[in-house]
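These protein sequence lines map, in sequence, to chains A and B. In this text, residue positions in the first sequence follow the numbering used here: the first is 5, and each later residue adds one. In this text, residue positions in the second sequence follow the numbering used here: the first is 44, and each later residue adds one. For reference, the structure discussed in these notes is given below.
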Amino acid sequence: MQGVITDSTPNIALAEASHAHHEHPDHRVFGLIVFLCSEGMLFLGLFAAYLTFRAVSTEWPPAGTPELEVMLPAINTIILLSSSFVIHQADHAIKKDDIKAVRWWFLLTFIMGATFLAGQVYEYQHLSFGLTSNLFASTFYVLTGFHGFHVFVGLTLITIMLIKSFQKGAFLGGKHYGIEAASIYWHFVDIIWVVLFLMLYIL
Amino acid sequence: MTQVIVQAPSSESFEPNKSSDKGKWREYFSFSTDHKVIGIQYLVTTFFFYLIGGALASVIRAELATPDSDLVPPELYNGLFTIHGTVMIFLWIVPAVTGGFGNYLIPLMIGARDMAFPKLNAAAFWLIPPAGVLLISSFFYGPSSTGWTAYPPLSILTDQRVGQAVWIASIIILGTSSILAAVNFVVTILSMRMPGMGMFDMPLFCWSVLSASGLVLIATPVLAGAMILLGFDLLAGTAFFNPTGGGNPVVYQHLFWFYSHPAVYVMILPVFGIISEVLPVHSRKPIFGYKAIAYSSVIICVLGLVVWAHHMFTSGTPNWLRMFFMIATLLVAVPTGIKVFSWIATLWGGKLRLESPLLFAIGFISMFVVGGLSGVMLGSVPIDIHLHDTYFIVAHFHYVLFGGSVFGIYAGIYHWFPKMTGKMLNEFWGKVHFFLTFVGFNLCFLPMHLLGLQGMPRRVAQYDPQFASINVICTIGAFLLAISTFPFLFNAIFSWIRGEKATDNPWNGLTLEWTTSSPPIVENWHGDPVRRTGPYDYGMGLQDTEQPLAPTH
Chain A
5 MQGVITDSTP NIALAEASHA HHEHPDHRVF GLIVFLCSEG MLFLGLFAAY LTFRAVSTEW
65 PPAGTPELEV MLPAINTIIL LSSSFVIHQA DHAIKKDDIK AVRWWFLLTF IMGATFLAGQ
125 VYEYQHLSFG LTSNLFASTF YVLTGFHGFH VFVGLTLITI MLIKSFQKGA FLGGKHYGIE
185 AASIYWHFVD IIWVVLFLML YIL
Chain B
44 MTQVIVQAPS SESFEPNKSS DKGKWREYFS FSTDHKVIGI QYLVTTFFFY LIGGALASVI
104 RAELATPDSD LVPPELYNGL FTIHGTVMIF LWIVPAVTGG FGNYLIPLMI GARDMAFPKL
164 NAAAFWLIPP AGVLLISSFF YGPSSTGWTA YPPLSILTDQ RVGQAVWIAS IIILGTSSIL
224 AAVNFVVTIL SMRMPGMGMF DMPLFCWSVL SASGLVLIAT PVLAGAMILL GFDLLAGTAF
284 FNPTGGGNPV VYQHLFWFYS HPAVYVMILP VFGIISEVLP VHSRKPIFGY KAIAYSSVII
344 CVLGLVVWAH HMFTSGTPNW LRMFFMIATL LVAVPTGIKV FSWIATLWGG KLRLESPLLF
404 AIGFISMFVV GGLSGVMLGS VPIDIHLHDT YFIVAHFHYV LFGGSVFGIY AGIYHWFPKM
464 TGKMLNEFWG KVHFFLTFVG FNLCFLPMHL LGLQGMPRRV AQYDPQFASI NVICTIGAFL
524 LAISTFPFLF NAIFSWIRGE KATDNPWNGL TLEWTTSSPP IVENWHGDPV RRTGPYDYGM
584 GLQDTEQPLA PTH
């Protein structure tokens, strides 16, 4: 063995070098994306269940189900979709360390998301069927409700980031994982909604 | 470049646990973020649940010793096998092979300091004990009695509504834990390998955990979806799976098996990885066909996702669907066969060190092949329709899950116990453990093939008296199996406390975990880990070369 084995003499230079070396690199964005792919499978499973119910039943929606109003959800869809572009502006802004712009874009996204949720609640109140009316009604409420819950989580994330942005030095100098995460999550919620809207209202 | 192995800490901060060696056991009851502590937490906790599941199995077999339902009431019997199956799958094998071995070994094998997300890792572990307690506590108010598959409408119309709801809740919690752990594994393996280590320089265990984690990420959320819908049916009065309300129970079966078939690969792939580690070390030969084994893990992962409906050949599936799923199922035998042949070729002509780790590994290969072959039989539609819901099925999946996964877990424990605890296990009691387990296991489950072929249905407390004598043999085997656990348990406990001290590398292994102390320090290495050889370069005269394989900076 030619290598030098130092058993008692400490090698300070090496120790310090390796100390700097294992400064934890940031894998959080990668981790979040992996997690969201998995989360997407949850929706995919529910979508598959919906489509199967639909495919094997003789009449869809079951007899007696009132026609769904498309106008309000369509407007809601436009609002939610455009909010994705809005939050993307925040992503741009933070890369230039422009925290003020981030706040405004996040606030706007929050308002749009909250409008979407309010619209959803309004729609629920004016529907003439309930959760247990028939199979279509159950799938409708569970799918939209489950998505609505995700919108709510997204709004919570945005709120937390907004509050955090008022701390001194927060998100500056490239440490803006929170902003990035909130907007990646928001995009995810949007994509799910588009599929959901097409499936429930249009198809 | 002079190569320097630093074995002494240069400052206090390098060995934070040195001063607190005495109170170290407390760490195992804390929210520790050290992957090694978490790995051991997983292994010990899941082994505890294994003992509970085993106790339930003993009661089941005691009941089945006679054809009549005389030991426990039939309703309780239904609860016993339901909770037995659920505990063994969700609280023992899945968390033990991924969370336990994966957490302990992955960072050590790829030369990382810890997992990518240590806090998330701890959170994933701490979801398990409450979920387990929740599940087992359901015995106090009537446990779920539907079998671990919880097929509706039985699970919706059950008398044990609370027990069923608790069952659903604990499955969702355990599923969440397993998804969080899988995110950690994927990110750690893909982006935290030491500098210079490519994907094909990784030990094969890493490949198998990567494949298993992929399956967890893709399949587990679908199970969660099924559980949510089932929960709505049970508690909110919807009728997703209730035919009387216009629902469709077969949709549940699809969603359930879309997870639960891949789940068997989640339970076996990491064990394949363990075997691929144990065999080369103890036969002193390079692994045969590294790339073939690595790729076959990935192929099993992909194929495993498209075979689920072979559990539903009797659920009125159309013929074209049966044909597709039969062919896909039989195809799984190809990558699995590649692995088995590679392992046998690794053993061939090696200097076998026939101690407990290798004994269990060889036991694994032979028992798993039996289970694999009966799997091929069951994969073909005509045989499956004949044998569906008989004891042949019970025999088959115990050969893959016990003869496969549990033998592999034992091989892994005997192999890495010195690394994990710094103490050697007693070899004599290890051998006693192996032979008792091997004999007890075969005595218990081999005759079940015969029972199944003769038509004895599973999941029923009473049976036709013509099956009585074979059932007595099974029960004796099961008790032997229960007894076989004690030599291991005492061996592990006594060795851990006052066993012979283990050296850093008692088996002369070449993978990176053997290059650090036993047990490894916090953050795993003083200085940076150094790779001198590939993970399996046994007998190639490379062990003593001077040059590391790759630059460390």
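Glycine is no exception: its CB is placed at the ideal position from the N, C-alpha and C atoms.
CB-CB length for L486(B) against I436(B), believed under 8 Å: With 8 Å as the limit, L486(B) and I436(B) do not qualify as a contact, their Cβ atoms being about 19 Å apart.
* Terminal residues of the alpha helix (DSSP H) in which I136(B) lies -> Premise fails: I136(B) is in no alpha helix (DSSP H) and is neither H nor E.
Using 8 Å as the threshold, is the stretch 141-157 of chain B in touch with the stretch 179-187 of chain B, meaning 3 or more CB pairs across them?
no
Let me confirm a value: K382(B) is counted as buried when at least 16 other C-beta atoms fall within 10 Å, else exposed. Which label applies? buried
Quiz prompt | Chain-order list of residues whose beta-carbon lies under 8 Å from that of K334(B) (same chain, five-residue window excluded) | solution = F243
Tell me which residue opens and which closes the alpha helix (DSSP H) that H569(B) is part of.
It is not in any alpha helix (DSSP H) - H569(B) carries neither H nor E in the DSSP assignment.
Can you give me, in chain order, the residues of the stretch 29-46 of chain A that have a beta carbon less than 9 Å from any beta carbon in chain B?
P29, H31, R32, F34, G35, L36, V38, F39, C41, S42, E43, G44, M45 and L46
**Q.** Straight-line Cα distance separating S188(B) from V123(B)
**A.** One point to set straight first is that residue 123(B) is Leu, not Val, in the sequence displayed. Straight through space, the alpha carbons of S188(B) and L123(B) are spaced by roughly 8 Å.
Could you confirm whether any beta carbon from chain E is found closer than 7 Å to the beta carbon of T357(B)?
Looking at the structure shown, chain E is missing, and the protein chains on hand are A and B.
Own chain partners of V515(B) with C-beta closer than 7 Å, once the 5 adjacent residues on each side are dropped
A108
So, is T160(A) buried or exposed, given that buried needs 16 or more other C-beta atoms within 10 angstroms?
exposed
At a CB-CB cut-off below 7 Å, which residues of chain A make contact with L298(B)?
-> Correct list: G49 and A53.
Put T433(B) into one of helix, strand or coil per three-state DSSP.
strand
What residues from the stretch 212-227 of chain B come within 7 Å of chain A, judged by C-beta to C-beta, listed N to C? I222 and V226
| request: Name, going along the chain, the residues of the stretch 123-153 of chain A whose beta-carbon falls closer than 7 Å to a beta-carbon of chain B. | output: L135, T136, N138, L139, S142 and V146
Counting contacts by CB-CB distance shorter than 7 Å, is E27(A) in contact with chain B? Low confidence applies here, because E27(A) scores a pLDDT of 48, under 50, leaving its location unreliable and the question unanswered by this model.
Assuming L14(B) contacts L163(B) under a Cβ cut-off of 8 Å, what Cβ separation, rounded to an integer in Å, is found between them? This structure cannot speak to residue 14(B), because chain B is shown only from 44 to 596.
Near-chain A residues of the stretch 359-390 of chain B - C-beta to any C-beta below 7 Å
Within the stretch 359-390 of chain B, not one residue has a Cβ closer than 7 Å to any Cβ of chain A.
| task | Anything in chain A within Cβ reach of P264(B), meaning under 7 Å, just list it in chain order. | result | Per Cβ cutoff of 7 Å: S42, E43, M45, L46 and G49.
Find the residues of chain B that neighbour F57(A), judging by a C-beta separation of less than 8 Å, and give them in chain order.
-> The contacting residues are F283, G290, N291 and V294.
Exercise. Can you name, in chain order, every residue of its own chain whose Cβ lies under 6 Å from the Cβ of A388(B), other than the five neighbours on each side?
Worked result: F331
- Beta-carbon gap between Y442(B) and M499(B) smaller than 7 Å: no
field: Contact belief for L430(B) with G495(B) at Cβ below 8 Å, rounded distance in angstroms
entry: 6 Å
With distances taken from CA atoms, which of P530(B), V424(B), L177(B) and F481(B) is nearest F403(B)?
F481(B)
Practice prompt. With a threshold of 16 other CB atoms inside 10 Å of the CB of E27(A), please say whether the residue is buried or exposed.
Written response: Because the pLDDT of E27(A) is 48, which lies under 50, any placement of that residue in the model is unreliable, and the number read from its coordinates should be weighed accordingly. Classification for E27(A): exposed.
### Task
In angstroms with no decimal places, state the Cα-to-Cα distance between L148(B) and S73(B).
20 Å
Am I right that W557(B) and N567(B) are in contact with their C-beta atoms under 8 Å? What's the rounded C-beta distance? W557(B) to N567(B), Cβ: 12 Å. No contact.
_With a threshold of 7 Å between beta carbons, is V229(B) in contact with chain A?_
yes
By a C-beta neighbour count over all protein chains shown, 10 Å radius and 16 as the cutoff for buried, is W68(B) buried or exposed?
Result: exposed.
Among L266(B), F484(B) and I153(B), nearest to A306(B) - alpha-carbon criterion = L266(B)
For M131(B), collect the residues of the same chain with a Cβ closer than 6 Å to its Cβ; drop the 5 residues on either side in sequence, then sort them by chain order. G96
Should L247(B) and G316(B) be called a contact, given that it needs their Cβ atoms to be closer than 7 Å? yes
Subject >> Range covered by the alpha helix (DSSP H) that runs through K1(A) >> reply: This structure leaves residue 1(A) out entirely; chain A is present only between 5 and 207.
Near L207(A), which residues of its chain fall below 7 Å by C-beta distance, leaving aside the five closest residues on each side in sequence?
none
Discussion item. Suppose contacts are defined by Cβ-Cβ distances below 7 Å. Is F598(B) in contact with Q84(B) by that definition?
Written reply: The structure shown has nothing for residue 598(B), since chain B only spans 44 to 596.
message: To be precise: take each residue of the stretch 328-353 of chain B, compare its Cβ to all Cβ atoms of chain A, and keep it if any distance is under 8 Å. Which residues remain?
response: none
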